[in-house]
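Number of protein chains: 2
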Amino acid sequence: MTIKKTREQQKQETRQNIINAAFDCLDAEKSLSSLSLREIARVAGIAPTSFYRHFKDVNDLGLTLVDEAGLMLRQLMRSARSRITVDSNAIDTSVDTLMEFITENKNIFRVLLREHTGTSAEFRSAVQREIQYFIKELSDYIMHRQQISQHLADLQSEAMVRIVFSAGAHALDTSACQQRLIAEKVKYQLMFVQLGVKQFKLKPE
Amino acid sequence: MTIKKTREQQKQETRQNIINAAFDCLDAEKSLSSLSLREIARVAGIAPTSFYRHFKDVNDLGLTLVDEAGLMLRQLMRSARSRITVDSNAIDTSVDTLMEFITENKNIFRVLLREHTGTSAEFRSAVQREIQYFIKELSDYIMHRQQISQHLADLQSEAMVRIVFSAGAHALDTSACQQRLIAEKVKYQLMFVQLGVKQFKLKPE
DNA sequence: AATTTCAGCGTACAAGTGTAAGCTTAATGT
DNA sequence: ACATTAAGCTTACACTTGTACGCTGAAATT
């Protein structure tokens, strides 16, 4: 027996189908701007014009995707931090968690990376905003854990996120074994930043 | 009196026109993959089909652009380093030089940033290669100047380049006064990395 | 002077795009 | 029970795209 669906349920389902279809389309060779409405519709299994019942245009959909991707990433890192104990290494755990996410959700991470430097100013600032949230959450954590000023924590957090995201971009295009190497390098690099800030705190200049 | 041109000269001139037209087209809202052959031809002042007399396709042209952009960047940094004296700060001079280049040649820097995470694997690895050259040259400089192992110099150089390029991406979308702020932050962040490596060298672990 | 080469052009076509207009049909409101 | 609403469909149109084909005219070669 099939379950009776309300109209609203059905609509939300289709909407989600479109979003999933878009993420599926956004592989290594497709960006949001090169993604066509008709292509998404085809994968989602609807007529091209039906797309408009859910989104104003592809831009509108794109912003939704960026928001979702950013949200997932932040939730991931929050759960990673909650797993960090007093004696486990915060850097190692965070890097490993993020790297795992990247390799298992390539397309989602790709959206953020691509649109960060993409051709739409709206997308760029949307991603920028997500990254700022990301940096802010890390900064708060660092400030509390390392007992340093907010200013220093912000600088440290930003540097770290930049290194990690850039490394993530590199990891997307390499083999699993290369990825482990990249992760190890990143851990050292983050440690340098942390050490440097600590040192700077002790004797500025 | 008009100067008589040989056929070869004329051809090279048109070729350069195409390259310049492409750089002109590659503004904030156009990437190599969203750039159409017809559009380039229009700006270059030639018929669409004439394009094929110079490049196999837009991909072919794109690789040329990436090479040129990377070359310009490396030459710039080399000349910057030659200007660094014993008492001038290497980080400050380098960051200022690069930031100046970025703001004055936005489109050229954009090509590298965009295609680094773009939709073409060929472009991505071409940019990756240019960045590796960039990192290598900086690494050699650091190794010689700071008297550290090649391994440490490589890690430091990579971290620095990642921070700088990521900051450059941010700078592309902001006002001149914001850009100065970004430059100042980057200088601190690079200093942290340098300090951290120095510290690590003294007492590993 | 005669011949070959080739950069650049115009035309043409198939394929893909966004989206406007209007229809169908089943869930919802009364 | 009937009227309304709205998700999804089909058709249609005006564009843009890459590129195949063949021509022209001037430079280069012989």
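Protein sequence lines correspond, in order, to chains Z and X.
With this note's numbering, the residue at position 154 of the first sequence is 154, and numbering never jumps.
With this note's numbering, the residue at position 108 of the second sequence is 108, and numbering never jumps.
Backbone N, C-alpha and C fix where the C-beta goes; we use that ideal spot for every residue, glycine too.
Keep in mind it's a predicted model, so treat the numbers as computed, not measured.
{"query": "For glutamine 156(X), which option in Arg38(Z), Gln156(Z), Ile163(Z), Leu155(Z) has the closest C-alpha, if you only look at C-alpha atoms?", "result": "Ile163(Z)"}
{"query": "Please return the same chain residues whose Cβ sits closer than 7 Å to the Cβ of isoleucine 135(X), not counting the five positions on each side in sequence.", "result": "Ser157, Glu158, Val161"}
{"query": "When the Cα of glutamine 16(X) is compared with those of Leu32(X), Glu29(X), Ala41(X), Ser36(X), which residue comes out closest?", "result": "Ala41(X)"}
{"query": "Give me the Cα-Cα distance between lysine 11(X) and phenylalanine 192(Z), rounded to the nearest whole angstrom.", "result": "52 Å"}
{"query": "Helix, strand or coil: how does DSSP classify histidine 54(X) here?", "result": "coil"}
{"query": "Check whether the segment 125-142 of chain Z and the segment 140-147 of chain X are in contact - that is, three or more C-beta pairs closer than 8 Å.", "result": "no"}
{"query": "Using a Cβ-Cβ cut-off of 7 Å, state whether glutamine 150(X) counts as contacting chain Z.", "result": "no"}
{"query": "Let me know the secondary structure DSSP gives arginine 83(Z) once reduced to three states.", "result": "coil"}
{"query": "Looking at chain X, which residues of the segment 155-185 of chain Z have a Cβ within less than 8 Å of any of its Cβ atoms?", "result": "Leu155, Gln156, Glu158, Ala159, Arg162, Ile163, Phe165, Ser166, Ala167, Ala169, His170, Asp173, Lys185"}
{"query": "Is there at least one Cβ from chain Z nearer than 7 Å to tyrosine 133(X)'s Cβ?", "result": "no"}
{"query": "Grab the span of the alpha helix (DSSP H) containing isoleucine 108(X) for me, first residue to last.", "result": "106-116"}
{"query": "Any beta carbon of chain Z sitting closer than 7 Å to that of leucine 138(X)?", "result": "no"}
{"query": "Please report how far the alpha carbon of methionine 1(Z) lies from the alpha carbon of histidine 54(Z), in whole angstroms.", "result": "Reliability of the predicted coordinates at methionine 1(Z) is poor, the pLDDT of 35 falling under 50, and the value obtained from them is presented with this limitation in mind. Looking at the two C-alpha atoms, the distance is approximately 29 Å."}
{"query": "Taking the alpha carbon of lysine 201(Z) as the point to measure from, which residue in Gln189(Z), Ala21(Z), Ser149(Z) has its own alpha carbon closest?", "result": "Ser149(Z)"}
{"query": "If I measure Cβ to Cβ from glutamate 39(X) and keep anything under 7 Å in the same chain, skipping five residues before and after, which residues do I get?", "result": "Cys25"}
{"query": "If we call anything under 7 Å between Cβ atoms a contact, is serine 33(Z) one with arginine 114(Z)?", "result": "no"}
{"query": "Assign glutamate 130(X) to one of two classes, buried (16 or more other C-beta atoms within 10 Å of its C-beta) or exposed (fewer than that).", "result": "buried"}
{"query": "Would you say glutamine 147(Z) lies against chain X (beta-carbon separation less than 7 Å)?", "result": "no"}
{"query": "Taking asparagine 59(Z) as the reference, which of Lys106(Z), Cys177(Z), Leu37(Z) has the closest Cα?", "result": "Leu37(Z)"}
{"query": "By Cβ distance below 7 Å, which residues in the same chain neighbour proline 48(Z) in space, the five residues on each side in sequence not counted?", "result": "Leu37, Arg38, Ala41"}
{"query": "Which of helix, strand or coil does DSSP assign to threonine 97(Z)?", "result": "helix"}
{"query": "Please tell me whether valine 95(X) and lysine 187(X) are closer than 7 Å, where the distance is taken between their beta carbons.", "result": "yes"}
{"query": "For alanine 169(Z) and methionine 99(Z), I'd like the C-alpha separation in whole angstroms.", "result": "11 Å"}
{"query": "Tell me whether the beta-carbon of glutamate 137(Z) lies closer than 7 Å to the beta-carbon of threonine 119(X).", "result": "no"}
{"query": "Using CA atoms only, rank isn't needed, just tell me which of Leu63(Z), Phe109(Z), Ala21(Z), Arg74(Z) is closest to tyrosine 173(Z).", "result": "A quick correction: the sequence has aspartate, not tyrosine, at residue 173(Z). Comparing Cα positions, the closest option is Phe109(Z)."}
{"query": "What is the residue span of the alpha helix (DSSP H) that isoleucine 182(X) lies within?", "result": "176-202"}
{"query": "Which of the three DSSP states is assigned to isoleucine 148(X) in this structure?", "result": "coil"}
{"query": "Of all the CB atoms in chain X, is at least one closer than 7 Å to the CB of phenylalanine 109(Z)?", "result": "no"}
{"query": "Comparing the C-beta of serine 34(X) with each C-beta of chain Z, is any distance below 7 Å?", "result": "yes"}
{"query": "Shorter than 7 Å from the beta carbon of tyrosine 141(Z) to some beta carbon of chain X?", "result": "no"}
{"query": "If you draw a straight line from the C-alpha of aspartate 57(Z) to the C-alpha of alanine 121(Z), how long is it?", "result": "16 Å"}
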